[in-house]
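S.K.:
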């Protein structure tokens, strides 16, 4: 259960202090509920107060990306599970530079480093780590010999590859700045009593792996789970030479933030033993479908496109004067970029136009993508012109427009009248009219005298608006305008 009130937690804490706290425990109070662990910890208190967890992760084929319009990634999906458990929203900040991410953590700009950090004794002195989200091994990433696919035996390929750390002597190995890999290579250099030329770069790990595949550099080092995924679509790289023992991978909070770490650990202890956790791990690190995702042009990391219809959506967005990524988010919400899909109520196409709207614009099920988008945008303009002029804020008008597009303007106007009746702002959607839309599925409200259009599935409309705006913000982060 999500925390119901700060006041009730405060009273419970006082009760525990007065009844059952020894001197040795007096500086740390932990109250356990089925959902959240509370302590006298500023970061956790801030997360719960703002109802938002700010986490930094890196952008890549494993952590976080968009595939066919939908945000995916191992770190992203884990964090979504965590924030759902905590009853807060996720604010994800993309930052591949480790030093910048650490500065953001230390400056309280973020709450959590969710970048899959290797746990070391040195880092333990700097951060408070969660329990491991996985274990992995550092591996050497090297290129297979030219013509490897035509070689007759595996031994012939093996003869060109490094398998013994002693063979790293006098080799140049490029690694990402701020990672544990540089220190590991320095240690190996000492172990083999010879020189390994370590070149530190600003490029992230996956960019360096790409550089190995293209022949721009000879070697890099990566965590095995990342290297294996990349090896599925860079068929000419080898990632089978280990450079370390198995190591723990975890998330990191600012040093001393025990409350947040304890809360995450309570969740992780259950989640890590679940079928869902195994399925999620297999999805990204064992399923061969990851090769298809990585090679797709509709992968934001390697392909840079959302859908086959990006250019059509851009042209349609120009008509209404929108950022095309906002219109794309609406299109994905309606159809997942499928131009021939039909809903159970008869809505059709990319923008799920109802039959009477299709007829209004002279279209049928043979309408082209361009015609569908043109009609959808024209219908948006028509609807927007009917939204009351009192709603002057452009961002708020967009939300009212999306709500009207989903459930009809009449129901949205009903929700505005309810908002006014219950002393909410009828000209603001968020935390005002949106709550009244939710209420329109309850008899007490849809039978109210100020409601003219009756019942509506308010939860569907509420989520419709929220999902589009959230996805649009993700598109802005990961897709070029």
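Numbering (the numbering used here), first residue to last: 48 to 528.
Virtual Cβ for every residue (Gly too), placed ideally from N, Cα, C.
So what does DSSP say about residue 108, is it helix, strand or coil?
M.R.: Within the chain shown, residue 108 is the residue found at index 61, counting from 1. Coil.
S.K.: 8 Å is my cut-off, CB to CB: does residue 278 come that close to chain D?
M.R.: Reference to chain D is not applicable here, since this structure consists of a single protein chain.
S.K.: Report the rounded CA-to-CA distance for residue 296 versus residue 419, giving the unit in angstroms.
M.R.: To locate residue 296, count along the chain shown from 1; it is residue 249. To locate residue 419, count along the chain shown from 1; it is residue 372. If you take the alpha carbons of residue 296 and residue 419, they lie about 47 Å apart.
S.K.: Can you list, in chain order, the residues of its chain with a C-beta nearer than 6 Å to that of residue 115? Leave out the 5 residues immediately preceding and following it.
M.R.: Within the chain shown, numbered from 1, the residue matching residue 115 stands at position 68. Closer than 6 Å at Cβ, skipping near neighbours: 345.
S.K.: Are the stretch 464 to 472 and the stretch 424 to 441 touching, with three or more C-beta to C-beta distances below 8 Å?
M.R.: As far as the Cβ criterion goes, the stretch 464 to 472 does not touch the stretch 424 to 441, which means the pair count is below three.
S.K.: Which residue's Cα is closest to the Cα of residue 188: 91, 157, 259 and 428?
M.R.: As a first step, residue 188 is located in the chain shown; it is residue number 141 there, counting from the start. Answer by Cα proximity: 259.
S.K.: Roughly how many whole angstroms lie between the Cα atoms of residue 264 and residue 397?
M.R.: Along the chain shown, one-based indexing puts residue 264 at 217. Along the chain shown, one-based indexing puts residue 397 at 350. Cα to Cα, residue 264 sits roughly 44 Å from residue 397.
S.K.: Can you tell me whether residue 329 is buried or exposed? The criterion is at least 16 other CB atoms within 10 Å of its CB, across all chains shown.
M.R.: Walking along the chain shown from the start, residue 329 turns up at place 282. Answer is exposed; the Cβ neighbour count stays below 16.
S.K.: Short check: CB of residue 179 to CB of residue 290, under 8 Å?
M.R.: Taking the chain shown and counting its residues from 1, one reaches residue 179 at position 132. Taking the chain shown and counting its residues from 1, one reaches residue 290 at position 243. Result no, Cβ atoms of residue 179 and residue 290 do not sit closer than 8 Å.
S.K.: With which residues is residue 164 paired in a DSSP beta bridge?
M.R.: Within the chain shown, residue 164 is the residue found at index 117, counting from 1. DSSP, once it has assigned bridges, lists 297 as partnering residue 164.
S.K.: Distance check for residue 207 and residue 197, CA to CA, integer angstroms please.
M.R.: Stepping through the chain shown from its first residue, residue 197 is reached at position 150. Stepping through the chain shown from its first residue, residue 207 is reached at position 160. Straight-line Cα distance between these residues: approximately 14 Å.
S.K.: What would DSSP say about residue 224, mapped onto helix, strand or coil?
M.R.: For the purposes of this step, residue 224 is identified with residue 177 of the chain shown, where counting begins at 1. Residue 224: coil per DSSP, three-state reduction.
S.K.: Which term fits residue 253, buried or exposed, when burial requires 16 or more other beta carbons within 10 angstroms of its beta carbon?
M.R.: Position 206 of the chain shown, counted from the first residue, corresponds to residue 253. Label assigned to residue 253: buried.
S.K.: So for residue 359, helix, strand or coil by DSSP?
M.R.: The sequence position of residue 359 within the chain shown is 312, counting from 1. Looking at residue 359 - three-state DSSP - the assignment turns out to be helix.
S.K.: With DSSP run on the structure shown, which of helix, strand or coil describes residue 524?
M.R.: Within the chain shown, residue 524 is the residue found at index 477, counting from 1. In the structure shown, residue 524 sits in a helix (DSSP, three-state: H, G or I).
S.K.: Please return the same chain residues whose Cβ sits closer than 6 Å to the Cβ of residue 215, not counting the five positions on each side in sequence.
M.R.: Numbered from its first residue, the chain shown carries residue 215 at position 168. If we look at residue 215 and ignore the five residues flanking it on each side, its Cβ neighbours are 243.
S.K.: If you reduce the DSSP assignment to three classes, tell me which class residue 271 lands in.
M.R.: Residue 271 sits at position 224 when you count from the first residue of the chain shown. The answer is helix: DSSP assigns residue 271 an H, G or I state.
S.K.: For residue 119 and residue 334, I'd like the C-alpha separation in whole angstroms.
M.R.: Your numbering for residue 119 matches position 72 in the chain shown. Your numbering for residue 334 matches position 287 in the chain shown. Roughly 14 Å between the two C-alpha positions.
S.K.: Pop quiz: residue 123 and residue 139 are said to be a contact at Cβ under 8 Å. What is the actual Cβ separation, rounded to whole angstroms?
M.R.: The residue labelled residue 123 in the question sits at position 76 within the chain shown. The residue labelled residue 139 in the question sits at position 92 within the chain shown. About 7 Å separates the two Cβ atoms, so the contact holds.
S.K.: How many whole angstroms separate the CB atoms of residue 438 and residue 474, which I take to be in contact at a CB cut-off of 8 Å?
M.R.: The count along the chain shown starts at 1 and reaches residue 438 at position 391. The count along the chain shown starts at 1 and reaches residue 474 at position 427. Residue 438 to residue 474, Cβ: 5 Å. Contact.
S.K.: Under 8 Å between the Cβ atoms of residue 200 and residue 293?
M.R.: Counting from 1 along the chain shown, the entry for residue 200 is found at position 153. Counting from 1 along the chain shown, the entry for residue 293 is found at position 246. Taking 8 Å as the Cβ cut-off, residue 200 and residue 293 do not qualify as a contacting pair.
S.K.: Since residue 529 contacts residue 325 with CB under 8 Å, what's their CB separation in whole angstroms?
M.R.: Residue 529 lies beyond the range of the chain shown here (48 to 528); nothing can be said about it.
S.K.: Please tell me whether residue 148 and residue 102 are closer than 8 Å, where the distance is taken between their beta carbons.
M.R.: Here residue 148 refers to the residue found at position 101 of the chain shown. Here residue 102 refers to the residue found at position 55 of the chain shown. In this structure, residue 102 does not lie closer than 8 Å to residue 148 by Cβ.
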